[in-house]
Amino acid sequence: MTKKKKFSPGLIVVYVVLIIWALTTIYPILWVIQNSFKAKDKILANSFALPLGDLFTTANFRKAFETTDIFGAYKSSLFISTMVALMVVLLAGMGAYALARYKFPGSNLVNSLIIGAMMFPAFATVISVYQMEFKWGIASTGSWFLNMVSVILPQIAGNMAFAMVVLTGYIKGLPIELEEAAYMEGCNAFQIYFKVIMPLTKPSFATVAIFSFLWSYNDLFTQSFFLRRPDMYSITQMLNNISAKEGTDYGMMAAVVALIIVPVIIVYCCLQKQIIKGMIAGAVKG
Amino acid sequence: MGANIYRNKKPAFVFLFPAFLFMVVLLYYPFFKTILNSFMHLKQLGATATEFNSPWYANYEEMLHDPNVWTSVKNTIIMMVVTLVGQVGIAIVLALMVDNIGRGKQFFRTVFFFPIVISATALGLMFNLIFLYDKGMVNQLLELLGKQNLTDWKAEGIALFTMMAPVMWQYVGFYFVILVTGLNNISDELYEAARIDGATALQRVRYISVPLLHNVICTCSILAVTGALKVFDLPWVMFPKGMPLKSTFLTGTYMYYHTMETKNVDYGAALAVLIVVLGVVLAKVVNAIFREKDY
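Residue numbers (my numbering), protein chains in the order written: chain V, 1 to 286; chain W, 287 to 581.
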């Protein structure tokens, strides 16, 4: 290997710097997790001690489950994000197929409309979307399902353009011979899409789905407009609310943060390659 | 042959229709409606505006006299500089370092990237504990190092730092991964040739890695600047309502503050328009500065 070298003073410095930065990303998380097992006054006295022996307590977690509906929040968040990811993949995939394969008058205009749609930040649309959905009778109703739909719709729209750009590029690169073969066998355009294109586009679908899912799952801005009833809170809304109300109960705050972060870390460790790819591909989105 | 399958254009419209319905109804129409709303009298979220403000440009006039608008624009621009210099700068250094080591590349990639996966809201709560006055992690650490008095990290003057440091920290790994991918695309033969000619490691970085990375660095810079305009979650959780003394508002959080907290919805719409204008102008400026070069 050309790049492999013997240990030199320079290389040691490089490793030290890299390890220091790695500590800044790992240690704060470990710190929160270890303090979630300690009583508030023990955190304030010495937060660096491990929660062993007398220091150890699960009271924070018990209180976290009592004061917040953490399972309800997980339910809302997972439902919203899964629906967003599925709908984006399905609808953007269909649109991308048409853009990649059909030549029709006005396709330039269609393309610039898609690029333009990536430029709108959520700030610019949320007030009017809320107004519109309120008029339709789906925003701020008593129904859990309608409230979820009111968040899902704008989040699908927000991811659509980006997903179409990524998928169009991918479908254009697929060999057209397979479609021709299917056509010869008597498939129509819809059968070709569902039976030939969709299975072949799986890797790109995964990228788009992961990005849409995470973006929706981590979003606070849009969700805080549409999910304002405590029994309908998503995870981010629940966190925002608990921090405003119980922000001084440090032990419980640490427990809540741990309950939210740890599952994400586990999923990330299992799927890191796909997640990193999806997030980088999603960077172009507005 | 391919043309044969796709000569019938009708299915294309069926395929495109749902996606376009979403974009037109939930992006384009609301955007123009927001512009209209910014001229109307609208004091309740969800209500329909019926009359214009008098004069119709009242919100924009108010914006000129509103000191908080200037604070938030100023803070947003500081945020851009911080993300540009901090995120991209640190990411370049880390990427060049990782490119020159043998073991542990994958480990550092995994570890540096993972703050991005966690929601900024949860990170905001975490940093609230870390920067706690009496006494979070940072103040306890400083005490161990021999500092006598506690620092109030949320006091005026230092609050901006406390808000921007976590935002910067979270996204370093993102640009790091983009840059490492760019570095992997540089062929080993170039480094080999330089080594034979007697170039030191630093010279190889200076004369091979950095110039060949130019376009990737440009992409990262554009992403960092446009990304800074969209920062909302973490600042809002750590410094709700622009506290202390409305000094930490960003354009995004200030727009949210007026829309949700003061019920001045039409003013919020006007601020949203300001955000879009700011975004377009800044994207143009950054594009002009960091134009991609062909090699």
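Even glycine gets a Cβ: it sits at the ideal position worked out from N, Cα and C.
Excluding the 5 residues preceding and the 5 following residue i in the sequence, name in chain order all residues of the same chain whose CB lies nearer than 8 Å to its CB.
i: F145 of chain V; result: none
i: K273 of chain V; result: none
i: Y250 of chain V; result: N35, K40, I43 and L44
i: A569 of chain W; result: I508, V511 and T512
i: W455 of chain W; result: P401
i: V489 of chain W; result: Checking the displayed sequence, the identity of residue 489 of chain W turns out to be Gln instead of Val. Excluding residues within five positions, the ones whose Cβ falls inside 8 Å are A480.
i: L91 of chain V; result: I156 and M160
i: Y183 of chain V; result: I192
Could you list which residues in chain V have their beta carbon closer than 8 Å to that of residue i, in chain order?
i: D352 of chain W; result: Simply none; closest approach about 17 Å.
i: Q426 of chain W; result: N46, S47 and F48
i: W596 of chain W; result: Because chain W spans 287 through 581 in this model, residue 596 of chain W falls outside it and cannot be assessed.
i: V397 of chain W; result: A22, T25 and I26
What does residue i pair with, by DSSP beta-bridge criteria?
i: F338 of chain W; result: W:M326
Using a Cβ-Cβ cut-off of 7 Å (strictly less than) and excluding sequence neighbours within five positions of residue i, which residues of its own chain qualify?
i: F225 of chain V; result: V126 and Y130
i: T201 of chain V; result: G93, L167, Y170 and I171
i: V610 of chain W; result: With chain W covering only 287 through 581, there is no way to say anything about residue 610 of chain W.
i: I242 of chain V; result: T68 and V256
i: G286 of chain V; result: Note on G286 of chain V: pLDDT 41, under 50, position unreliable in the model; the coordinate value appears next. These residues qualify, in order along the chain: M118, M119, F120 and P121.
i: M1 of chain V; result: Caution is warranted here: a pLDDT of 40 is assigned to M1 of chain V, below 50, making its placement in the model unreliable, and no coordinate value can be reported.
Which residues in chain V sit within 7 Å of residue i, going by Cβ to Cβ distance?
i: L313 of chain W; result: A117, F120, T125 and A157
i: A298 of chain W; result: A98, Y102 and F104
i: I503 of chain W; result: Those within 7 Å of I503 of chain W in chain V number zero; the least Cβ separation is about 14 Å.
i: T320 of chain W; result: A124, T125, I127 and S128
Taking the CB atoms as reference points, tell me whether residue i and residue j lie closer together than 8 Å.
i: A281 of chain V; j: F211 of chain V; result: yes
i: A64 of chain V; j: L259 of chain V; result: yes
i: N323 of chain W; j: D552 of chain W; result: yes
i: Q426 of chain W; j: S47 of chain V; result: yes
i: L86 of chain V; j: D519 of chain W; result: no
i: I152 of chain V; j: V84 of chain V; result: yes
i: V517 of chain W; j: V453 of chain W; result: yes
i: L415 of chain W; j: A254 of chain V; result: yes
i: P521 of chain W; j: T539 of chain W; result: yes
i: L515 of chain W; j: N361 of chain W; result: no
i: I197 of chain V; j: I29 of chain V; result: no
i: I275 of chain V; j: V403 of chain W; result: yes
i: E133 of chain V; j: A139 of chain V; result: yes
i: T534 of chain W; j: L446 of chain W; result: yes
i: F325 of chain W; j: F338 of chain W; result: yes
i: T207 of chain V; j: G278 of chain V; result: yes
i: A73 of chain V; j: Y268 of chain V; result: no
Going along chain W, which residues have a C-beta under 8 Å from residue i?
i: V257 of chain V; result: A408, L411, M412 and L415
i: G95 of chain V; result: F301, L302, P304, A305 and F306
i: E246 of chain V; result: Under the 8 Å cutoff, chain W gives no residues; its nearest Cβ is about 11 Å from E246 of chain V.
i: E185 of chain V; result: Simply none; closest approach about 12 Å.
Between which residues of its own chain and residue i is the CB-CB distance below 6 Å, once the five residues before and five after are set aside?
i: L78 of chain V; result: none
i: L99 of chain V; result: T168
i: K4 of chain V; result: No answer about K4 of chain V holds up, because its pLDDT of 48 lies below 50 and its placement is not dependable.
i: Y457 of chain W; result: Q373
i: F37 of chain V; result: P51 and F56
i: F306 of chain W; result: none
i: L281 of chain W; result: This structure cannot speak to residue 281 of chain W, because chain W is shown only from 287 to 581.
i: S143 of chain V; result: none
i: V463 of chain W; result: F399
Does residue i come within less than 8 Å of chain C when only Cβ atoms are used?
i: T207 of chain V; result: Reference to chain C is not applicable here, since the protein chains of this structure are V and W.
If the cut is a Cβ gap below 7 Å, which residues of chain W does residue i touch?
i: N240 of chain V; result: T407 and V523
i: N218 of chain V; result: S405 and A406
i: T212 of chain V; result: Correcting the residue type first, residue 212 of chain V is Ser in the shown sequence and not Thr. Neighbours of S212 of chain V on chain W: none; closest Cβ ~13 Å, over 7 Å.
i: M252 of chain V; result: Under the 7 Å cutoff, chain W gives no residues; its nearest Cβ is about 11 Å from M252 of chain V.
i: I138 of chain V; result: Near I138 of chain V there are no residues of chain W at all, since even the closest Cβ is about 11 Å away, more than 7 Å.
i: V129 of chain V; result: L312 and P316
i: E179 of chain V; result: I291
Just to make sure I have the definition right: I need the residues of chain W whose C-beta is within less than 9 Å of the C-beta of residue i. Which are they?
i: K135 of chain V; result: G332 and T334
i: I265 of chain V; result: F400, V403 and I404
i: Y268 of chain V; result: T396, F399, F400, V403 and I404
Find the residues of chain V that neighbour residue i, judging by a C-beta separation of less than 9 Å, and give them in chain order.
i: P526 of chain W; result: N240, S243 and A244
Can you pull out the residues from the region 10-39 of chain V whose beta carbon lies closer than 8 Å to at least one beta carbon of chain W?
G10, L11, V14, Y15, V17, L18, W21, A22, T24, T25, I26, P28, I29, W31, V32 and N35
If contact means a Cβ-Cβ distance below 8 Å, which residues of the region 441-462 of chain W contact chain V?
W455, V458, G459 and F460
The region 561-580 of chain W: positions lying closer than 9 Å to chain V by Cβ:
I561, V562, G565, V566 and A569
Output needed in chain order: residues of the region 472-492 of chain W with a Cβ under 7 Å from some Cβ in chain V.
D474, Y477, E478 and A487
Residues of the region 543-561 of chain W in Cβ contact with chain V at a cutoff of 7 Å, in chain order, please.
T545, V551, G554, A555, A558 and I561
Pull out every residue of the region 151-175 of chain V whose Cβ sits closer than 7 Å to any Cβ of chain W, in chain order.
L153, P154, I156, A157, M160, A161 and M164
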